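A short write-up of the structure that comes next.
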Amino acid sequence: MANVTMYCTGVCPYCTMAEKLLNKKGVTEINKIRIDVEAGRKEEMMERTGRRTVPQIYIDDFHVGGFDDLSALDMEGKLEPLLTK
1 MANVTMYCTG VCPYCTMAEK LLNKKGVTEI NKIRIDVEAG RKEEMMERTG RRTVPQIYID
61 DFHVGGFDDL SALDMEGKLE PLLTK
């Protein structure tokens with residue numbers, strides 16, 4: 001199973017939906033980076049992704065984007081191959 005990292009906050013409904021979708025696809029461990037409680041992590045996320053909103057999801061070194069991007073990959077049948085490569 002691929003390594004999944006997600007920049008998130010504690011009150012983000014899209015983060016929760018992303019986690020549920022990933023769990024449904026068999027992901028049991030997500031490296032969560034809480035930008036709301038970990039100093040400097042929001043700046044790190046913005047520099048790394050070019051985006052300001054959460055979630056920002058990485059599967060291994062591939063930047064998926066946010067929940068909408070994750071959901072679109074799933075609908076296109078491209079999410080599972082990324083997770084199982």
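Last residue of the sequence shown? That's 85 in UniProt numbering, and every number before it is there in order. The beta-carbon is built from N, C-alpha and C at its ideal position, and this holds for glycine as well. As the structure is a prediction and not an experimental result, all values here were calculated from the model.
Exposure label - residue i; buried when at least 16 CB within 10 Å
i	result
Gly-26	exposed
Pro-13	exposed
Gly-66	buried
Where the beta strand (DSSP E) through residue i begins and ends
i	result
Lys-32	30-34
Thr-5	4-8
Gly-50	Unbroken run through Gly-50: none, as it is neither H nor E.
Gly-65	62-65
Pick from the options that is closest to residue i, judged by C-alpha positions
i	options	result
Met-17	Arg-51, Asp-68, Pro-81 and Asp-61	Asp-68
Cys-15	Gly-40, Met-1 and Tyr-58	Tyr-58
Gly-10	Phe-62, Lys-32, Thr-28 and Lys-24	Lys-32
Glu-44	Glu-29, Asp-74 and Tyr-7	Tyr-7
Leu-22	His-63, Glu-47 and Val-4	Val-4
Min CB distance residue i to chain C below 9 Å
i	result
Lys-32	Included in the structure is just one protein chain, with no chain C present.
Where the alpha helix (DSSP H) through residue i begins and ends
i	result
Pro-13	13-24
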